[in-house]
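Throughout the sequence shown, residue numbering follows the numbering used here, covering 312 to 798 in sequence.
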Amino acid sequence: MNDNKKKESGVRLRFAPSPTGFLHIGNLRSALFGYFIAKSLGGKFILRLEDTDQKREVAGALEKLLAIFSWLDIDFAEGPHKGGDYGPYIQTERLEIYHKYAKELVVNGGAYRCFCTSKRLEEMRAEQQAKKLPPRYDRCCRDLSTAEIEKKIKNGEEFVIRQKMPLSGEVIVSDELRGEIKFSAKDLDDHVLIKSNGVPTYQFASVIDDHLMAITHVTRGDEWLPSFPKNILLYQAFGWQAPKFVHLPLILNKTGGKLSKRQGDVYVEDYKQKGYLSEAIINFCILLGWHPKNDQEILSRQEIIANFKLEEIGVSPAIFDEEKLDYLNGYYIRKKTKTELMDLLRPYFIAEKIKIDDKQLEKITVLAQERIKKLADIIDFSAFIFKLPDYDGELLAWKKLSKEEAQTNLQLLLKLIEKIPDKQWEIKELETLIFAFITENNGKNGDFLWPLRVALSGLKNSPGPFEIAWALGKEETINRIKSALNK
Ligand code: GLU
Numbered sequence: 312m313n314d315n316k317k318k319e320s321g322v323r324l325r326f327a328p329s330p331t332g333f334l335h336i337g338n339l340r341s342a343l344f345g346y347f348i349a350k351s352l353g354g355k356f357i358l359r360l361e362d363t364d365q366k367r368e369v370a371g372a373l374e375k376l377l378a379i380f381s382w383l384d385i386d387f388a389e390g391p392h393k394g395g396d397y398g399p400y401i402q403t404e405r406l407e408i409y410h411k412y413a414k415e416l417v418v419n420g421g422a423y424r425c426f427c428t429s430k431r432l433e434e435m436r437a438e439q440q441a442k443k444l445p446p447r448y449d450r451c452c453r454d455l456s457t458a459e460i461e462k463k464i465k466n467g468e469e470f471v472i473r474q475k476m477p478l479s480g481e482v483i484v485s486d487e488l489r490g491e492i493k494f495s496a497k498d499l500d501d502h503v504l505i506k507s508n509g510v511p512t513y514q515f516a517s518v519i520d521d522h523l524m525a526i527t528h529v530t531r532g533d534e535w536l537p538s539f540p541k542n543i544l545l546y547q548a549f550g551w552q553a554p555k556f557v558h559l560p561l562i563l564n565k566t567g568g569k570l571s572k573r574q575g576d577v578y579v580e581d582y583k584q585k586g587y588l589s590e591a592i593i594n595f596c597i598l599l600g601w602h603p604k605n606d607q608e609i610l611s612r613q614e615i616i617a618n619f620k621l622e623e624i625g626v627s628p629a630i631f632d633e634e635k636l637d638y639l640n641g642y643y644i645r646k647k648t649k650t651e652l653m654d655l656l657r658p659y660f661i662a663e664k665i666k667i668d669d670k671q672l673e674k675i676t677v678l679a680q681e682r683i684k685k686l687a688d689i690i691d692f693s694a695f696i697f698k699l700p701d702y703d704g705e706l707l708a709w710k711k712l713s714k715e716e717a718q719t720n721l722q723l724l725l726k727l728i729e730k731i732p733d734k735q736w737e738i739k740e741l742e743t744l745i746f747a748f749i750t751e752n753n754g755k756n757g758d759f760l761w762p763l764r765v766a767l768s769g770l771k772n773s774p775g776p777f778e779i780a781w782a783l784g785k786e787e788t789i790n791r792i793k794s795a796l797n798k
């Protein structure tokens, strides 16, 4: 174990998730801010697993976490998967370290053993509740004499270790975004640092680890603000310099409520599954709190690194606007090359057991690239290509053009289309030939193109008729026109 490591001068940030099996979008946001602060300051970004709450632990969680970060193309300079100079990086492998520091704190008077039984604590809480008092430990064991403590230990009484909070005055802490924040000592609880089973709480383990791992900046959600004075008092009790704390603003949904599973997806894995691209998710999450001076909304990873400034992080709640995420995702989908997009779309067909060859996939990709918002949309989007939907013949009618007149126009188009040679079966050529034909017949574009589009797609809304005809191929195009003539 390496708990005497000297602090390096370099900037070091960490992502410290609990192994719950899924990556919450809010946690990813904290991680990304850490990553980009580290990158923009030429520092290191490391991974630490906070697994002291074993109730929440899920098997294979580390692997899943690493897989999602690898998909995001974010890597860690150190961590449980690759080691490093400040390991171990899993908290349950660091228990001896926490015990050593807890003991030190008890000796120097910053903490004390509490032997209160859970029964006593429950009764105390019930009484506080009845009196409408905030739940606080009544400090019954704070001033036990050495003799009393020794006797209890000898008797095998279980104990926890609690932090000694100041009894009066104020605790002043400083957040990088909010400046000084004052907490009144009377609101601070002598909270538990080490539980009776020897496992540390988050409040204790994270401070010890952040110090020993030479962390220079902590990025975490502002739900941790109430813990902030406890953390700072611990640093002070050890005589350590605290890292800089950056409490990121709350993330709210569009209606102003908390992000919750009931209103939509909260896990990055869900977004990946639906076909959001990692570029879009990163771009979206970094704007949950950061407002670049020039109001730029679309930022590549390099642009984020080059422009990111801690001072530009806001404190008012960030709004999780899925429409904005869709917009960004659409943008990044359009930026893909055809081959890249084909490779991204193929798995969705495989998952649905839809047989598709590369030629067909290529055509669908061309049709979809400008139109889908997320990759999973491809299945619904392309369904009409595989099978003509059963539509009502009245859909062929267009403005003043009746269904019958539409069918007459389709009959004329059919004759033209049947004569188009295979080698001219390209979007542009079809467009030129059909427009020329309409002009020759003194027709209105809509009177021909609407019925043709409906005949080919069976849908009220779809891509244009030339693209669909190209994607369907000549034979199927003819079949679908004939079927419209029978409606
Ligand atoms: N383990 C904590 C969590 O998962 C980390 C909070 C922090 O970054 O300090 O919420």
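Just so you know, even glycine gets a beta-carbon here, dropped at the ideal spot from N, CA and C. For clarity, every value in this text was computed on a predicted model and none was experimentally measured.
{"Asked": "How would you write the range of the beta strand (DSSP E) that Val363 sits in, first residue to last?", "Found": "Per the sequence shown, the amino acid found at residue 363 is Thr instead of Val. Neither: Thr363 is in no beta strand (DSSP E) and is coded neither H nor E."}
{"Asked": "Sorted by chain position, which residues of the same chain lie with C-beta nearer than 8 Å to Lys555's C-beta, five sequence neighbours on each side aside?", "Found": "Glu487, Thr527, His528 and Val529"}
{"Asked": "Looking only at its chain, what residues have a beta carbon closer than 6 Å to the beta carbon of Ile597, apart from the 5 residues adjacent to it on each side?", "Found": "Leu343 and Ile615"}
{"Asked": "Near Phe660, what residues of its chain come up, given a Cβ to Cβ distance below 6 Å and the 5 sequence neighbours on each side ignored?", "Found": "Ile667"}
{"Asked": "Among Asn720, Ile745 and Leu339, whose alpha-carbon lies nearest the alpha-carbon of Gly600?", "Found": "Leu339"}
{"Asked": "So if DSSP puts Lys486 in a beta bridge, which residue, or which two residues, is it bridged to?", "Found": "The sequence as given places Asp at residue 486; Lys does not occur at that position. Bridge partners of Asp486: Gly490 and Phe556."}
{"Asked": "Could you check the C-alpha separation between Leu721 and Phe759 for me, to the nearest Å?", "Found": "7 Å"}
{"Asked": "My guess is that Phe595 and Lys646 are in contact by the Cβ rule of under 8 Å, so how many angstroms apart are they, rounded?", "Found": "Not a contact, Cβ separation roughly 15 Å."}
{"Asked": "Would you grab the beta carbon distance between Asp521 and Pro560 for me? Rounded to a whole angstrom, and I think it's under 8 Å.", "Found": "About 21 Å separates the two Cβ atoms, so there is no contact after all."}
{"Asked": "Using only alpha-carbon positions, find the residue among Arg424, Pro446 and Tyr582 that is nearest to Glu434.", "Found": "Pro446"}
{"Asked": "Quick one: give me the first and last residue of the alpha helix (DSSP H) that Gly641 is part of.", "Found": "Glu633 to Lys646"}
{"Asked": "Could you tell me the boundaries of the beta strand (DSSP E) in which Cys425 lies?", "Found": "Ala422 to Cys425"}
{"Asked": "For the pair the segment 576 to 586 and the segment 531 to 549, tell me if three or more CB-CB distances fall below 8 Å.", "Found": "no"}
{"Asked": "Using only the alpha-carbon positions, how far apart do Thr403 and Gly586 sit?", "Found": "35 Å"}
{"Asked": "With Tyr513 and Glu415 assumed to form a contact (beta carbons below 8 Å), what rounded beta-carbon distance in angstroms separates them?", "Found": "Their Cβ separation, rounded to whole angstroms, is 19 Å, which puts Tyr513 and Glu415 out of contact at 8 Å."}
{"Asked": "Measuring only from the beta carbon, is Pro537 closer than 8 Å to any heavy atom that is part of the ligand ATP?", "Found": "Absence of the ligand ATP from the depicted structure is noted, with the ligand GLU being the only ligands included."}
{"Asked": "Report the three-state DSSP secondary structure of Lys604 (helix, strand or coil).", "Found": "coil"}
{"Asked": "Any heavy atom of the ligand GLU closer than 8 Å to the Cβ of Thr530?", "Found": "yes"}
{"Asked": "Do Leu699 and Leu763 come within 9 Å of each other at the CB atom, strictly closer than that value?", "Found": "no"}
{"Asked": "Any chance the CB of Ala372 is under 8 Å from a heavy atom of the ligand GLU?", "Found": "no"}
{"Asked": "DSSP three-state label for Phe539, please.", "Found": "helix"}
{"Asked": "Taking the straight line between their C-alpha atoms, what separation do you get for Glu374 and Leu352?", "Found": "28 Å"}
{"Asked": "Please work out which residues of its chain come closer than 7 Å, Cβ to Cβ, to Leu796, disregarding the five sequence neighbours upstream and downstream, and give them in chain order.", "Found": "Gln718, Leu721 and Gln722"}
{"Asked": "Classify Asp688: buried if its beta carbon has 16 or more other beta carbons within 10 angstroms, exposed otherwise.", "Found": "buried"}
{"Asked": "On the CB-based measure, 16 or more other CB atoms within 10 Å of its CB, does Ile348 come out buried or exposed?", "Found": "buried"}
{"Asked": "Let me check understanding here. Comparing Cα to Cα, which of Gly567, Lys572 and Phe494 lies closest to Lys541?", "Found": "Phe494"}
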